[in-house]
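For reference, each letter of the sequence shown is one residue, going 152 to 210 in our numbering.
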Amino acid sequence: EAISMSDRVIVLTKRPATVKTIFPIQLSIENRTPLKSREAPEFRHYFQAIWKELNEDEK
């Protein structure tokens with residue numbers, strides 16, 4: 152949801168929370184809605200990169 156509705160996604164670390172990574176979101180679809188954004192070719196790339204970053208803390 153953050154990918155489809157934002158121009159950037161910020162991933163935080165665990166306690167104490169600090170900024171871990173900032174992902175600037177640039178989707179190729181103009182006048183995008185959350186549903187339309189998911190159709191952008193770049194969406195899956197952002198989705199995978201952000202989940203990878205979130206899961207690194209669980210190791």
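We treat Cβ as the ideally placed atom computed from N, Cα and C, and that holds for glycine.
These numbers were taken from a predicted model, which means no experiment stands behind them.
Three-state secondary structure (DSSP) of residue i
i: Ile211; result: Since the first residue shown for the chain is 152 and the last is 210, residue 211 is missing from the structure and cannot be characterised.
i: Ile180; result: coil
i: Glu204; result: helix
i: Arg195; result: helix
Neighbourhood of residue i by C-beta, 6 Å cutoff - its chain only, sequence neighbours within 5 removed
i: Thr164; result: Lys171
i: Glu193; result: Leu178
Residue range of the beta strand (DSSP E) that includes residue i
i: Pro175; result: Val170 to Pro175
Environment of residue i [buried if 16+ CB atoms lie within 10 Å]
i: Ile154; result: buried
i: Ser188; result: buried
Cutoff 8 Å; reference residue i; Cβ partners in own chain excluding five residues on either side
i: Ile180; result: Lys187, Ser188, Glu190 and Ala191
Alpha helix (DSSP H) segment containing residue i, residue limits
i: Pro167; result: Segment: none, Pro167 is in no alpha helix (DSSP H) and carries neither H nor E.
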